[in-house]
Amino acid sequence: MKNVVIEETDTTPRVEFDFAKGLFEFKGLSIPEDTQGFYNPIAQTLEQYAQNPTAKKHHLTFTFLYINTSTSAMVSRILKIFESIQAKGHQVNVVWSFESDDEDMKDLGTYFSSFTNLPFKFIPHEEIV
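Numbering (my numbering), first residue to last: 416 to 544.
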């Protein structure tokens with residue numbers, strides 16, 4: 416599959432997927448006016464990839480500054496896609512990064528991790544290299 420790069424805007428995160436390397440990243444602010452319009456093509460691309468994943472190891476990184484409620488629903492959808500990849504015998508690791516003083520974003524990551532069997536690692540932004 417062709418790699419995906421969507422540049423960050425004032426209301427949408429940077430999205431970068433390297434399918435061959437198994438690297439998937441969301442970074443920035445996610446408060447799009449049309450959440451479905453922004454995330455549906457991304458989710459559809461991931462669903463297509465999940466039918467025949469090529470990488471053995473997958474690293475899914477969320478480095479959000481803030482997300483709105485409708486983005487939360489899309490994050491849930493994305494996690495379910497990666498659960499289907501894991502169910503096919505592929506390794507999936509999730510990194511949830513947050514500002515060290517932002518308990519709300521850390522708690523949101525904990526919430527997401529509570530309803531998935533994907534392994535989560537919580538890392539403050541300052542520790543992401």
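The beta-carbon is built from N, C-alpha and C at its ideal position, and this holds for glycine as well.
Going by C-alpha positions, T460 is about 16 Å away from K436. For N455, the enclosing alpha helix (DSSP H) covers residues T450 to Q466. Around the beta-carbon of V420, fewer than 16 other beta-carbon atoms lie within 10 Å, marking it exposed. Beyond the five residues adjoining it in sequence on each side, Y454 comes within less than 6 Å, by CB distance, of M489 in the same chain, given in chain order.
Excluding sequence positions up to five before and after S499, its CB lies within less than 8 Å of the CB of A465, all in the same chain and listed in chain order. 8 Å or more divides the Cβ of S528 from the Cβ of T486.
Rounded to whole angstroms, the separation of the alpha carbons of M416 and T424 is 25 Å. Spatial neighbours of I482 in its own chain (CB-CB distance under 6 Å, excluding positions within 5 residues in sequence) are listed in chain order as S445.
The C-alpha of G524 is placed about 19 Å away from the C-alpha of T450.
In terms of Cβ geometry, P468 and H505 form a close pair [threshold 8 Å]. Taking every protein chain shown into account, the CB of P447 has 16 or more other CB atoms within 10 angstroms, so this residue is buried. About 7 Å separates the CB atoms of H473 and F497; that is less than 8 Å, so the two are in contact.
A straight-line Cα-Cα distance of about 7 Å links A470 and F434.
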